[in-house]
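Please read the structure below before turning to the comments.
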Amino acid sequence: MDAKALIAAYYDAFNAGRTDDMLALLHDDVEHHVNEGKIRTGRALFAEFNAHMTESYRENLTDMVIMANEAGDRAAAEFVVNGTYLKTDPGLPEANGQTYRLPAGAFFTIRDGRIARVTTYYNLADWMAQVGA
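Quick note on numbering: the UniProt record's numbering labels position 36 of the sequence shown as 36, and the sequence is numbered without any gaps.
Structural data, given as structure tokens:
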């Protein structure tokens, strides 16, 4: 599977809520660089993060544009996050079903045909304003 198809499959699984399919596309020692957060290494920590996110947020990504370098070992995606804040996340405003629409992007490293790094960026201040902080 080429880099663009790999990233498309990852986000298709995300939008369908198939986190196990997302995990299957990750390298065993994947590095997950979370916006405004610590780097998590390995599939287990990625799965833990996904479980938390699924409990606190319902999101669907639209306006997806995927780019990759010629070597196929680096990729990027730009998209819009359309979400609902379901459960209060510690340290963030109280959740009461607020909706948000947030431009975002992600960068990827690909190794051995799997995603070895995911780095996600979005404007946290924009999100906070949208959920009423």
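We treat Cβ as the ideally placed atom computed from N, Cα and C, and that holds for glycine.
None of these values were measured; they are calculated from a predicted model.
When secondary structure is reduced to three states using DSSP, M1 falls in the coil class, being assigned neither helix nor strand. A distance below 6 Å between beta-carbons, with the five flanking residues on each side excluded, links Q130 to the following residues of its chain, in chain order: Y100.
G105 and D112 have their C-alpha atoms some 23 Å from each other.
Contact holds between the stretch 47-66 and the stretch 75-86, because three or more Cβ pairs, one in each stretch, are under 8 Å apart. Here the alpha carbons of L124 and Q98 stand approximately 15 Å from one another.
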